[in-house]
Amino acid sequence: MFKKIKTLLIKLKFLIFFRKKVNILYIGYGNMGSVVAKQINSMFLIKKCFIVNSKINQLQNLKQNIKFDIVCFFVKPQEIQHVWNSFDYKNFINQDTIFFSIAAGKDYNFFNNLIIKNIKFVRYMPNLGLKQSLGVGSLYTQNISTKLTQLIYKGLKLQSKIILTQNQDDFHILTACFGSGIAFVAYVIDNFNVAIQNSLKQKLTSDKSKEYFNSDISILLLKDMIESVFQIKTISNIDFTDLIKNISSKGGTTEAGLEVLKSLNLEKHFQDTMLMAYKKSIELSTNKIN
Numbered sequence: 040m041f042k043k044i045k046t047l048l049i050k051l052k053f054l055i056f057f058r059k060k061v062n063i064l065y066i067g068y069g070n071m072g073s074v075v076a077k078q079i080n081s082m083f084l085i086k087k088c089f090i091v092n093s094k095i096n097q098l099q100n101l102k103q104n105i106k107f108d109i110v111c112f113f114v115k116p117q118e119i120q121h122v123w124n125s126f127d128y129k130n131f132i133n134q135d136t137i138f139f140s141i142a143a144g145k146d147y148n149f150f151n152n153l154i155i156k157n158i159k160f161v162r163y164m165p166n167l168g169l170k171q172s173l174g175v176g177s178l179y180t181q182n183i184s185t186k187l188t189q190l191i192y193k194g195l196k197l198q199s200k201i202i203l204t205q206n207q208d209d210f211h212i213l214t215a216c217f218g219s220g221i222a223f224v225a226y227v228i229d230n231f232n233v234a235i236q237n238s239l240k241q242k243l244t245s246d247k248s249k250e251y252f253n254s255d256i257s258i259l260l261l262k263d264m265i266e267s268v269f270q271i272k273t274i275s276n277i278d279f280t281d282l283i284k285n286i287s288s289k290g291g292t293t294e295a296g297l298e299v300l301k302s303l304n305l306e307k308h309f310q311d312t313m314l315m316a317y318k319k320s321i322e323l324s325t326n327k328i329n
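Just remember that our numbering sits 39 ahead of the position in the sequence shown, which is counted from 1.
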């Protein structure tokens with residue numbers, strides 16, 4: 040109920056700011072784009088909303104007499120230039136149009152050169168957790184007032200945690216840690232789950248136990264273990280190091296297993312993983328318009 044009230048207040052504030060209902064164009068409406076679109080739709084009172092994919096003929100069918108207040112790019116980064124250059128966009132925008140992008144590696148300079156100079160620009164990079172309202176998103180605006188930036192920030196924050204940055208270069212490391220990071224976490228969990236299943240198959244001696252511990256059961260038990268770690272940490276108000284110490288005992292099974300993990304220098308490998316993703320983000324952003 041409280042969230043609904045906050046959503047209505049955000050809609051009202053946006054209505055006061057724009058002094059009208061807004062027209063929105065979504066270019067692309069895929070897996071992540073459709074989720075972000077729901078976020079945006081919850082923030083504004085909408086007059087007209089158009090959704091098109093990257094097919095050019097759909098864009099040509101737009102009504103010539105409409106001006107879009109917000110244009111959202113939810114197509115793949117490599118498709119943006121082709122799509123935008125393939126129809127007469129000038130009929131649908133003006134200097135006040137706000138351009139909203141979730142495209143990885145495409146920064147303000149890319150859109151400023153492609154579309155219109157001094158573009159009003161919002162860059163938003165959520166991760167997949169947004170689908171469950173558990174997302175982390177990075178937000179950057181340019182040529183948009185502080186008041187409107189704060190409204191956008193508060194609106195998006197209703198459904199995800201938002202990191203508002205003043206420097207779009209910060210997106211490189213934020214994307215590596217939280218955008219790509221959710222895939223890295225999934226990869227670690229998947230490998231841990233496979234290790235559990237293999238260990239159980241190799242070492243369990245009872246046929247009934249082997250039958251019970253199928254892949255579905257093991258992943259559920261792993262899920263419970265992960266959730267319990269965070270619950271114990273929160274309830275006990277301790278850090279992970281102390282939590283590990285509380286579980287371990289000198290000369291015990293936990294200590295023996297941890298010695299193997301420590302010898303692998305996992306922290307460095309994880310940091311190298313983030314660094315590689317960070318460098319790739321920089322590489323993608325430096326690709327110039329043809």
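Just so it is clear, CB atoms sit at the ideal spot from N, CA and C, and this is done for glycine as well.
Where residue i sits in the DSSP three-state scheme
{"i": "N70", "result": "helix"}
{"i": "K200", "result": "strand"}
{"i": "S219", "result": "coil"}
{"i": "L178", "result": "strand"}
{"i": "S140", "result": "strand"}
{"i": "F331", "result": "As displayed, the chain neither begins before 40 nor continues past 329, which places residue 331 out of reach and without an answer."}
{"i": "F252", "result": "coil"}
{"i": "F160", "result": "strand"}
{"i": "N230", "result": "helix"}
{"i": "N304", "result": "coil"}
{"i": "N285", "result": "helix"}
{"i": "L243", "result": "coil"}
Counted within 10 angstroms of its Cβ, other Cβ atoms place residue i as buried (16 or more) or exposed
{"i": "S140", "result": "buried"}
{"i": "Q78", "result": "buried"}
{"i": "D255", "result": "exposed"}
{"i": "V233", "result": "exposed"}
{"i": "L195", "result": "buried"}
{"i": "H3", "result": "In the structure as shown, the chain begins at 40 and stops at 329. Residue 3 is therefore absent and cannot be evaluated."}
{"i": "Y251", "result": "exposed"}
{"i": "N329", "result": "Bear in mind that a pLDDT of 48 at N329, under 50, signals an unreliable position, so the number given afterwards is only what the model happens to contain. With fewer than 16 other Cβ atoms within 10 Å, it is exposed."}
{"i": "K145", "result": "buried"}
{"i": "L169", "result": "buried"}
{"i": "G290", "result": "exposed"}
{"i": "Q241", "result": "exposed"}
{"i": "F160", "result": "buried"}
{"i": "F217", "result": "buried"}
{"i": "R58", "result": "exposed"}
Where the beta strand (DSSP E) through residue i begins and ends
{"i": "K156", "result": "Element bounds for K156: n/a, residue is neither H nor E."}
{"i": "F112", "result": "109-112"}
Span of the alpha helix (DSSP H) around residue i
{"i": "K87", "result": "Note, K87: premise wrong, no alpha helix (DSSP H); beta strand (DSSP E) at 85-91."}
{"i": "Q171", "result": "Neither: Q171 is in no alpha helix (DSSP H) and is coded neither H nor E."}
{"i": "Q207", "result": "No alpha helix (DSSP H) contains Q207, which DSSP labels as neither H nor E."}
{"i": "N124", "result": "119-124"}
CB-CB length for residue i against residue j, believed under 8 Å
{"i": "F56", "j": "L190", "result": "6 Å"}
{"i": "F138", "j": "F150", "result": "6 Å"}
{"i": "I235", "j": "N166", "result": "Contact doesn't hold; Cβ gap of about 26 Å is too wide."}
{"i": "K60", "j": "K43", "result": "The Cβ separation is near 20 Å, so there is no contact."}
{"i": "G67", "j": "F113", "result": "3 Å"}
{"i": "T185", "j": "S320", "result": "About 27 Å; that fails the 8 Å criterion."}
Residue-level contact to chain B via CB, residue i, 8 Å cutoff
{"i": "N304", "result": "No chain B is part of this structure, which consists of one protein chain only."}
Whether or not the stretch 283-295 and the stretch 169-186 are in contact is what I'm after, with contact meaning three or more pairs of Cβ atoms, one per stretch, closer than 8 Å; do they touch?
no
Three or more beta-carbon pairs under 8 Å between the stretch 45-53 and the stretch 106-126, yes or no?
no
Measuring CB atoms only, is the stretch 295-306 touching the stretch 265-280, in the sense that at least three cross pairs come out at less than 8 Å?
no
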